[in-house]
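A short worksheet on the structure shown next.
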Amino acid sequence: YQTEYCLGNTAARCSRYLKSYIMYHGTTLQNAIRIMNEGFSPSYDGMLGPGVYVTRSFEKASHYPVNSNGERLAVLKLVVRVGRVKRINYQDHPLQKTWYRYGYDTAWVPPNCGMVNSGLEENCVYDPRRITVLDVIPNNRFW
1 YQTEYCLGNT AARCSRYLKS YIMYHGTTLQ NAIRIMNEGF SPSYDGMLGP
51 GVYVTRSFEK ASHYPVNSNG ERLAVLKLVV RVGRVKRINY QDHPLQKTWY
101 RYGYDTAWVP PNCGMVNSGL EENCVYDPRR ITVLDVIPNN RFW
């Protein structure tokens, strides 16, 4: 999963992207533009507590937001420096919502572990400065 972002760049420039992955975040087009200009605003709570929720699955990201109220949608293509990762692979894990208090940068729910109905993986990044937006992809979903 090492990102192709660093291909063709100097090693010095890419050192900050080591342990980085291409990930996606589904949102409205209006929010995507705001994120491009101002950066991510972390959620205050969610399945994994506070942070920015991202996934390596474009398909999963394209299903968000769930309730778009007819707004135009987009998927942000990101490079995420995951840092120290805590694996959360079952419901009611003791660190499920508090992992960031123990020095972890990202919480990761692996695929097919029973935590997510889709069976796809999910990540929560505590510090939005670890996320760089690479592209805004229009999402013309019809479901």
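Position 5 (the sequence shown) corresponds to 5 in full-length UniProt numbering; numbering is contiguous.
Using N, Cα and C, we set each Cβ at its ideal position, and we do this for glycine too.
Where residue i sits in the DSSP three-state scheme
{"i": "aspartate 38", "result": "The amino acid at residue 38 is misidentified as aspartate; the sequence shows glutamate. If DSSP states are grouped into helix, strand and coil, glutamate 38 belongs with the helices."}
{"i": "tyrosine 21", "result": "strand"}
{"i": "isoleucine 131", "result": "strand"}
{"i": "tyrosine 102", "result": "helix"}
{"i": "isoleucine 33", "result": "helix"}
{"i": "glutamate 122", "result": "strand"}
Neighbourhood of residue i by C-beta, 8 Å cutoff - its chain only, sequence neighbours within 5 removed
{"i": "valine 82", "result": "Lys19, Ser20, Tyr21, Asp105, Thr106, Trp108, Asn123, Val125 and Arg130"}
{"i": "glutamine 91", "result": "Gly114 and Met115"}
{"i": "glutamate 4", "result": "Because the pLDDT of glutamate 4 is 46, which lies under 50, any placement of that residue in the model is unreliable, and the number read from its coordinates should be weighed accordingly. So the list reads Ile22, once near-sequence residues are dropped."}
{"i": "residue 222", "result": "Absent from the structure is residue 222, since the part of the chain shown begins at 1 and ends at 143."}
Per DSSP, the bridge partner or partners of residue i
{"i": "threonine 28", "result": "Leu73"}
{"i": "proline 138", "result": "Ala74"}
{"i": "lysine 86", "result": "Ala107"}
Exposure label - residue i; buried when at least 16 CB within 10 Å
{"i": "valine 66", "result": "exposed"}
{"i": "glutamine 2", "result": "Note that glutamine 2 scores a pLDDT of 40, beneath 50, so its modelled location is shaky and nothing firm can be said."}
{"i": "methionine 36", "result": "exposed"}
{"i": "glycine 51", "result": "buried"}
{"i": "asparagine 117", "result": "exposed"}
{"i": "asparagine 69", "result": "exposed"}
{"i": "tyrosine 24", "result": "buried"}
Nonlocal neighbours in the same chain, by C-beta distance under 6 Å from residue i, ignoring five residues either side
{"i": "tryptophan 99", "result": "Lys86 and Ala107"}
{"i": "proline 96", "result": "Reading the sequence as shown, one finds glutamine at residue 96 and not proline. For glutamine 96, where only same-chain residues beyond five positions count, the Cβ hits under 6 Å are Ile88."}
Below-7 Å beta-carbon distance, residue i vs any chain D residue
{"i": "alanine 32", "result": "In the structure shown, chain D does not exist; there is a single protein chain."}
Same chain, Cβ closer than 7 Å to residue i, five either side skipped, listed in chain order
{"i": "proline 111", "result": "Gly119, Leu120 and Glu121"}
{"i": "tryptophan 143", "result": "Residue confidence for tryptophan 143 is low, a pLDDT of 45 falling below 50, so the modelled location carries little weight; the figure read from the coordinates is stated next. Around tryptophan 143: no qualifying Cβ."}
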